[in-house]
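Enquirer: Chains as they are written, first to last, in my numbering: chain A, 39 to 262; chain B, 7 to 218.
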């Protein structure tokens with residue numbers, strides 16, 4: 039295919055004479071090959087790198103240490119329990135009295151579900167954070183790019199109206215639900231959330247809501 | 007004016023600039039391409055809106071597959087001087103009374119992918135010739151309280167490389183209690199900061215305007 043333009047030897051007086059023409063190599067196959075290689079490397083390079091989500095859990099309280107778990111205000115507490123089949127149950131306050139259970143409400147991961155609940159409770163802080171972000175974008179606040187995150191963290195730390203979210207998981211919950219709910223926390227800019235274990239009262243509440251006969255120690259078998 | 011005589015041969019495009027451009031692109035992609043290690047455990051990651059990418063070096067990853075097997079991986083990126091992987095394996099061997107040869111340690115370093123092998127089978131795993139042979143031994147790292155090898159891996163990794171960060175890569179479908187157990191093991195070893203590895207999902211975040 040490569041076509042080299044040679045000057046036709048013109049026999050004139052028996053002397054060979056070459057015309058001075060640059061050799062013209064056909065580059066089409068080279069271009070073809072390069073196209074293929076570029077495509078290959080573009081696809082092979084991990085351009086879609088997985089993302090990470092940072093989560094910090096409170097330090098475990100060791101049994102032999104005499105440390106009280108930190109106390110939180112009951113009025114600000116919001117409990118979220120991850121249930122089976124992507125269901126979410128939530129209730130405000132605390133469930134410590136089996137006789138007087140707080141109302142358990144069911145919702146899901148849609149935009150009208152848990153996000154609405156969270157945003158409603160966290161509106162003040164959410165406004166503040168998005169206002170701050172807008173101000174940075176429009177140049178009202180001049181702040182180095184690197185310190186935007188720490189400024190937001192500062193805003194979150196100073197917040198004292200937003201909910202304190204306790205995330206709990208029923209045993210049937212999936213890992214994806216856990217990731218989703220932490221995602222929701224960052225979407226609605228919840229300042230304080232942590233992950234705790236389900237206690238037995240809540241377990242009974244969930245079982246009641248799911249229609250499974252409670253099996254706890256409080257209800258004798260066959261009593262319901 | 008003399009009439010311009012059109013050449014009879016087919017018109018030719020000068021490809022040289024195109025070739026130049028392609029060369030530059032090709033060299034760029036060759037140099038930036040990171041060799042993707044072969045996935046030993048197939049994991050369907052959950053989605054999140056987080057935009058942080060996984061760090062290149064100093065990470066240890068606990069992988070939870072759909073069939074509830076635990077895999078572990080230590081990734082130090084392209085760093086070949088510090089040689090954490092063989093060091094960690096030989097320390098693990100010392101704790102479990104297995105003396106790994108230099109050749110086995112080298113193989114372990116070269117594999118550079120997640121492994122889900124009980125330490126007792128590690129030698130056979132490393133001697134296996136190809137992935138098919140190796141996958142026979144991948145029964146998952148034991149995490150029972152009687153034989154908690156994952157805890158030992160974490161402990162040894164942290165002792166040898168104090169800068170290591172913990173990552174958890176779980177399958178979206180996996181049931182939560184096993185993830186909880188992994189979290190518990192990490193917390194027992196005083197690791198309280200985790201990175202959950204997810205893939206990016208585009209969610210539009212809008213503040214709902216509702217009269218209060």
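Think of the CB as a built atom: it goes at the ideal place given N, C-alpha and C, for glycine as much as any other residue.
Can the beta-carbon of residue 204 of chain B be found closer than 8 Å to that of residue 56 of chain B?
Expert: Result yes, Cβ atoms of residue 204 of chain B and residue 56 of chain B sit closer than 8 Å.
Enquirer: In angstroms with no decimal places, state the Cα-to-Cα distance between residue 198 of chain B and residue 69 of chain B.
Expert: Answer to the nearest angstrom: the Cα atoms are 17 Å apart.
Enquirer: Just the chain B side, please: which residues come within less than 8 Å of residue 38 of chain A by C-beta, in chain order?
Expert: The first residue shown for chain A is 39 and the last is 262, placing residue 38 of chain A beyond what the model contains.
Enquirer: May I ask you to list, following chain order, the residues of the stretch 163-185 of chain B that have a beta carbon less than 7 Å from some beta carbon of chain A?
Expert: Per Cβ criterion, the list reads 173, 176, 177, 178, 179, 180, 181, 182, 183, 185.
Enquirer: State the CB to CB distance for the pair residue 76 of chain A and residue 28 of chain B, rounded to an integer number of angstroms; the pair is presumed to be in contact (CB under 8 Å).
Expert: Correct: roughly 6 Å between the Cβ atoms.
Enquirer: In its own chain, which residues sit with a C-beta less than 7 Å from the C-beta of residue 140 of chain A, not counting the 5 before and 5 after it?
Expert: Same-chain partners within the cutoff: 129, 130, 131, 133.
Enquirer: Quick check: the Cα distance between residue 193 of chain A and residue 152 of chain A, rounded to an integer number of angstroms?
Expert: Using only the alpha carbons, I get a separation of about 23 Å.
Enquirer: State the Cα-Cα distance for the pair residue 32 of chain B and residue 72 of chain A, rounded to the nearest angstrom.
Expert: Their backbone Cα atoms lie some 7 Å apart in a straight line.
Enquirer: So, does the stretch 194-202 of chain A touch the stretch 233-240 of chain A, judging by three or more C-beta pairs under 8 Å?
Expert: Taking 8 Å as the limit for Cβ pairs, the verdict is that the stretch 233-240 of chain A does not touch the stretch 194-202 of chain A.
Enquirer: When Cβ atoms are compared, which residues of the stretch 190-219 of chain A fall closer than 9 Å to chain B?
Expert: Here the close residues are 207, 208, 209, 210, 211, 212, 213, 214, 215, 216, 217, 218.
Enquirer: Quick one: what's got a C-beta closer than 7 Å to residue 156 of chain A's C-beta in the same chain, skipping five residues either side?
Expert: Closer than 7 Å at the Cβ level, and outside the excluded window around residue 156 of chain A, lie 222, 226, 228.
Enquirer: Mind checking residue 179 of chain B: buried by the 16 CB within 10 Å criterion, or exposed?
Expert: Classification of residue 179 of chain B: exposed, given that the 10 Å Cβ count is below 16.
Enquirer: Whose C-beta lies closer than 7 Å to the C-beta of residue 190 of chain A among residues of the same chain, with five residues either side of it excluded?
Expert: The answer, listed in chain order, is 167, 170.
Enquirer: Spell out the partners DSSP gives residue 145 of chain A in its beta bridges.
Expert: Paired residue(s): A/126.
Enquirer: Specify, as a first and last residue, the run of the alpha helix (DSSP H) that residue 230 of chain A falls within.
Expert: Per DSSP, residue 230 of chain A belongs to no alpha helix (DSSP H); it is in the beta strand (DSSP E), 230-233.
Enquirer: Report yes or no: is there a C-beta of chain B within less than 8 Å of the C-beta of residue 95 of chain A?
Expert: Chain B, which has a Cβ nearer than 8 Å to the Cβ of residue 95 of chain A, makes this yes.
Enquirer: Going by Cα to Cα distance, which pick from B/34, B/109, B/22, B/186 is closest to residue 336 of chain A?
Expert: Nothing about residue 336 of chain A can be read from this structure; chain A reaches only from 39 to 262.
Enquirer: Look at the alpha carbon of residue 148 of chain A and the alpha carbon of residue 172 of chain B, and state the distance between them as a whole number of angstroms.
Expert: Approximately 30 Å between the Cα atoms of the pair.
Enquirer: According to DSSP, which residues form a beta bridge with residue 92 of chain A?
Expert: Bridge partners of residue 92 of chain A: B/201.
Enquirer: Any C-beta of chain C sitting closer than 8 Å to the C-beta of residue 71 of chain B?
Expert: Note that chain C does not occur in the displayed structure, where the protein chains are A and B.
Enquirer: Between the C-alpha atoms of residue 145 of chain A and residue 25 of chain B, what's the straight-line distance to the nearest angstrom?
Expert: One C-alpha to the other measures close to 58 Å.
Enquirer: Contact criterion: CB-CB distance below 8 Å. Does residue 88 of chain A meet it with respect to chain B?
Expert: So yes, residue 88 of chain A belongs to the interface.
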